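Residue numbers (this note's numbering): 69 to 423.
Laid out in structure tokens, this is it:
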């Protein structure tokens, strides 16, 4: 058996099979993928303002893709500045520790995790920061997994959960939290300024907020047809209602009342450094990053073919391969956005609520 084949089998195909069956729960996955692929058309329709619900699209995106995203990228579903001397997981740990340092977390603080996903960063924040965290997420499947993983990690008593949209967190009183963070979550907001205003309301005066946004860079040219095609592919595949520029993110923060202390595109590879382009794992092998064959173009195609075979023998739910095809298309859009320099998933800001 080749190393690539071992990676597919050793990962525990039965565990992935069980996860997919739990996630899809007997639904018509192929139809759901077709409906998802039509979301941008519905959003642009004549009556989109009255009928289209982007929060529902984002929820469906994670319902469909979440299990396979974990398989391909790990429990911390976010990008990080990469180094050829590290694995992707090691880079994500380093990035999470940077956030913990920037937030100046201290034992006993209360922290809100806006769009907590499966709680990968949360587990590090709790264990290394000594803080209590509230995880906010409108996706029940992800919250169920986060609870189970937090229990396994021994931090169940340090985490609370709230199932709701971060656009409307009425269950949380004003001025509740000492710190907050939102990692690749508010990029999905239908109204970014509204999302930041709601987060602002929940933070205490003087509280710090760390955010990581997916943004267009200054290289993006709205009159460039190629740039526009890549932008639309990114919006489609990641379920982004719009892709803001970094200055637009800052303006939305300031409109909500925040003082922006720092805003850096941490995906930029500075000349003379050892950092690796953030999109490189999805483009091909590179140093220790190459350990994850499944993330490469060949790996993704191999898994798609294998999953179609797995569907035939009912190991995977019917339609799983369509989801993998969607994720492959999105990965190609990420690479195109990174190579042209028009897109970054690593605009990281630190903001403060005056107080």
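The beta carbon of each residue, even a glycine, is placed where N, CA and C say it ideally should be.
Predicted model, so just to flag it, every value in this text is computed and none were measured.
Rounded distance between the beta-carbons of residue j and residue i, thought under 8 angstroms
i	j	result
residue 283	residue 398	Actually they do not touch by this definition, with Cβ atoms about 17 angstroms apart.
residue 131	residue 98	Contact flag wrong, Cβ pair sits at about 14 angstroms.
residue 260	residue 206	The pair is not a contact, with the Cβ atoms about 17 angstroms apart (cut-off 8 angstroms).
residue 147	residue 182	About 17 angstroms separates the two Cβ atoms, so there is no contact after all.
residue 256	residue 307	6 angstroms
residue 101	residue 390	4 angstroms
residue 142	residue 157	6 angstroms
residue 422	residue 327	6 angstroms
residue 223	residue 192	The pair is not a contact, with the Cβ atoms about 10 angstroms apart (cut-off 8 angstroms).
Endpoints, alpha helix (DSSP H) assigned at residue i
i	result
residue 193	188 to 197
residue 104	97 to 105
residue 156	156 to 171
residue 385	Counting along the chain, residue 385 falls outside any alpha helix (DSSP H), and DSSP gives it neither H nor E.
residue 129	122 to 141
residue 90	81 to 92
residue 425	Because residue 425 is not part of the residues shown, which for the chain are 69 to 423, the question remains open.
Rounded C-alpha distance that separates residue i from residue j
i	j	result
residue 420	residue 145	25 angstroms
residue 406	residue 203	30 angstroms
residue 227	residue 200	6 angstroms
residue 274	residue 177	13 angstroms
residue 69	residue 400	Confidence is the limiting factor: at residue 69 the pLDDT is only 37, short of 50, which leaves the residue's position unreliable and the question unanswerable from this model.
residue 159	residue 395	22 angstroms
residue 356	residue 363	The pLDDT assigned to residue 356 is 43, lower than 50, so where the model puts this residue is not dependable, and the model offers no usable value.
residue 392	residue 323	39 angstroms
residue 343	residue 113	42 angstroms
residue 184	residue 219	15 angstroms
residue 386	residue 133	14 angstroms
residue 104	residue 129	7 angstroms
residue 231	residue 212	10 angstroms
residue 269	residue 378	48 angstroms
residue 416	residue 381	45 angstroms
residue 125	residue 107	7 angstroms
residue 78	residue 371	Here the model assigns residue 78 a pLDDT of 43, short of 50, so the residue's position is not dependable and the matter cannot be decided.
residue 290	residue 175	46 angstroms
Bounding residues of the beta strand (DSSP E) (the contiguous stretch that carries residue i)
i	result
residue 280	271 to 284
residue 248	245 to 251
residue 150	Run containing residue 150: none; DSSP gives neither H nor E here.
Short Cβ contact (7 angstroms threshold) for residue i with residue j
i	j	result
residue 135	residue 187	no
residue 197	residue 168	yes
residue 281	residue 317	yes
residue 369	residue 278	no
residue 494	residue 333	Residue 494 lies beyond the stretch modelled for the chain, which goes from 69 to 423, so this question has no answer here.
residue 321	residue 264	yes
residue 330	residue 209	no
residue 271	residue 305	no
residue 309	residue 122	yes
residue 410	residue 254	no
Strand pairing of residue i, partner residues [DSSP]
i	result
residue 178	200
residue 440	Nothing can be reported for residue 440: it is not among the residues displayed for the chain, which extend from 69 to 423.
residue 381	Bridge partners of residue 381: none, in fact.
residue 402	Residue 402 pairs with nothing; no bridge assigned.
residue 313	284
residue 228	202
is_contact[residue i, chain D] using C-beta, thresh 7 angstroms
i	result
residue 105	The displayed structure is made up of one protein chain only, and chain D is not part of it.
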